[in-house]
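Throughout the sequence shown, residue numbering follows the working numbering, covering 3 to 362 in sequence. Take a look at the structure set out below.
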Amino acid sequence: MWLLITAIVVLVILLLIRNLYGEDLRQYDSADLSATFYRPTPSYKYPQALELIESIKEPISFIKPSKYLYALRKNIDRLGDVELDCEIIPVATSFLDHRIMGEWVISKNSDVNKRLLYIHGGGFAVGSPKSHRVVTERLARELGVAVFAVSYDMIPDGKRVKGIQDCRYAYQWLLANNLYNQQVSHRIYVAGDSAGGNLTLALIGWLKLQDIRQVDAAIAICPCIDSTFSYGSLSYNAKTDFLLHPFLGKFHHFPQFVILIWIAILFRMNPRDPQVSPIFANLSGLPPILIQASDTEMMVDDSRRYTNKARSQGSNVRLQIWSNMLHVWHLFDLEEADEAYIEIGKFVAQCEYEREKVAS
C-alpha cells in the first residue's frame, strides 16, 4: 500500500515538474551574423566601465545576506547620480484604481505627443527609474520623445505578476496622458533592458490580445526572454559576462529541473508562462521590434531564439549584436553605447517613416 502511495506521489511530482518545461527552442538557435557590430577589442573606456561595476559591488561584499539586496539596490541607484541634460519630473498618480509610479524624463527636444515607456532592468529585483537615467535621458534626446520610466513591483518583497500589471497600467496611462494634461499620444513606444526587456516583450504580446492600441515600435536591450533558462549561452558565456556572472554564473551547474522549480517558487508563476517567458507566446502579428545584445553575454541566445521564432511567424524583428560588450553596455560611457543609441534612433525614424508612408 505504502509503495503504491509513494509511486503515485512521485508520479505527481514528476508531472508537475514536466509542466514547467516549455517547447524545445533549439530549432531557433541559428545566428544572424550580418547584424554584428564587430570590434576586435572593446573601445578605450571599457576598463572604466568595469571599474564602475566593481565600485557598485565592492562596498557591499561583506554585508549580511539578509541586507545585501537592499544595499545593492541603493548602490545601483548611484548610477543615476550624474549630471544630465534633461528635466526629471516624479510621478505618483493612479489609473483605473491602480497606482502609477515613476518619472518623466524630458529633454530640450522632447515632443510630448511622442511618448516612450521605459522599463528598467535589474533581474526583477533591483534597479529603478533613477538607476537608468543615463539610458532614459539619452533615449529622450536621441528620439525626441517624452520618456516615462515606470517604477514597478520587484521580487522578492513584491510579486512578479504585480510588476507585470504595473507595466500594463503604466502603458495605458501613458497612452492618454502627457506630463501636462490628458492627451492621446500621436506616437507611442516601449523599451526596456534585461528584465525590462522581458517586460517589454511581454507587454506587446499582451497588447496583441487586447482591445488596446499597440505600440508603434518596441526596443529590447539585452533582454531576458526565456525564464526556463534553456539556452546554451548561459553556460558558454558564463566566464565572459562580467556583469551577470556574479549572479547567474552558477546556474549552468544545476540540472534544469532544479532551476525551473526555483524560478517557479521565486516568481510564483510557471516559468514557461508567456507572461514571464514571452518567447513561448505566439509571436505573429507583433509591432516592429529592435533587439540589441552582446555576443559575450549570457543571454545572447535568448535574443537569437526570439528573433528567429518571431521572424518565422511573420513578425518584423531586427537583431543587432555587438562583439565583446558588457550586458546592457548602454549604461556606460562607451563608444559602443553611442553606436547603439544611434541605431535605435535610425530604427525609430524608419518606423515613423513607414507608418507615415502607409497613412499617406
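Glycine included, each C-beta is placed from N, C-alpha and C at the ideal position.
Note to self: Would residue 78 and residue 58 be called neighbours here (beta carbons separated by less than 9 Å)?
What the structure shows: Start at 1 with the first residue of the sequence shown, and residue 78 comes out as number 76. Start at 1 with the first residue of the sequence shown, and residue 58 comes out as number 56. Residue 58 is positioned such that its CB atom lies closer than 9 Å to that of residue 78.
Next item on the list: Could you please give me the residues that DSSP links to residue 106 through a beta bridge?
Entry: The sequence position of residue 106 within the sequence shown is 104, counting from 1. Paired residues: 91 and 150.
Item checked: Expected contact under 8 Å - CB spacing of residue 123 and residue 220 to nearest Å -> Working through the sequence shown from its first residue, we reach residue 123 at position 121. Working through the sequence shown from its first residue, we reach residue 220 at position 218. Contact doesn't hold; Cβ gap of about 15 Å is too wide.
Next item on the list: Pick helix, strand or coil for residue 126, following the three-state DSSP scheme.
Entry: On the sequence shown, position 124 is the one that residue 126 refers to. When DSSP states are grouped into helix, strand and coil, residue 126 belongs to the coil group.
Margin query: Quick check: what's the CA-CA separation for residue 166 versus residue 302?
Written below: As a first step, residue 166 must be located in the sequence shown, where it is residue number 164. As a first step, residue 302 must be located in the sequence shown, where it is residue number 300. So the alpha carbons of these two residues sit roughly 23 Å apart.
Notebook entry, point to check: So what's residue 220 in DSSP terms, helix, strand or just coil?
Noted result: For this step, residue 220 is matched to residue 218 along the sequence shown. Strand, per DSSP.
Item checked: C-alpha distance - residue 212 paired with residue 223, whole-angstrom precision -> If you number the sequence shown from 1, residue 212 lands on position 210. If you number the sequence shown from 1, residue 223 lands on position 221. The alpha-carbon atoms of residue 212 and residue 223 are separated by roughly 25 Å.
Item checked: Status (buried if at least 16 other CB within 10 Å, exposed otherwise) for residue 207 -> One-based indexing of the sequence shown puts residue 207 at position 205. Buried, because 16 or more other Cβ atoms sit within 10 Å of the Cβ of residue 207.
Notebook entry, point to check: Mind pulling the alpha helix (DSSP H) runs of 4 or more residues that sit fully within the region 165 to 235?
Noted result: Complete alpha helix (DSSP H) runs here, min 4: 197 to 209.
Notebook entry, point to check: Is the Cβ-Cβ distance between residue 135 and residue 84 less than 9 Å?
Noted result: For the purposes of this step, residue 135 is identified with residue 133 of the sequence shown, where counting begins at 1. For the purposes of this step, residue 84 is identified with residue 82 of the sequence shown, where counting begins at 1. The beta carbons of residue 135 and residue 84 sit closer together than 9 Å.
Notebook entry, point to check: Can you name, in chain order, every residue of its own chain whose Cβ lies under 7 Å from the Cβ of residue 178, other than the five neighbours on each side?
Noted result: If you number the sequence shown from 1, residue 178 lands on position 176. Counting only Cβ-Cβ distances below 7 Å, and skipping sequence neighbours, we find 184 and 186.
Notebook entry, point to check: Which of the three DSSP states, helix, strand or coil, is assigned to residue 279?
Noted result: For the purposes of this step, residue 279 is taken as the residue at position 277 of the sequence shown. Residue state, collapsed to three classes: coil.
Margin query: Given this structure, state the Cα-to-Cα distance separating residue 29 from residue 89, to the nearest angstrom.
Written below: What you label residue 29 is simply residue 27 of the sequence shown in a count that begins at 1. What you label residue 89 is simply residue 87 of the sequence shown in a count that begins at 1. Within the model, the alpha-carbon separation for residue 29 versus residue 89 is close to 46 Å.
Checklist line | residue 99 burial status per 10 Å Cβ neighbour count (16 or more: buried) | finding: Taking the first residue of the sequence shown as 1, we reach residue 99 at position 97. Under the 10 Å beta carbon count, residue 99 is surrounded by fewer than 16 other beta carbons and is classified as exposed.
Note to self: Please report the distance separating the alpha-carbon of residue 227 from that of residue 320.
What the structure shows: By one-based count along the sequence shown, residue 227 stands at place 225. By one-based count along the sequence shown, residue 320 stands at place 318. When only Cα atoms are considered, residue 227 and residue 320 end up about 16 Å apart.
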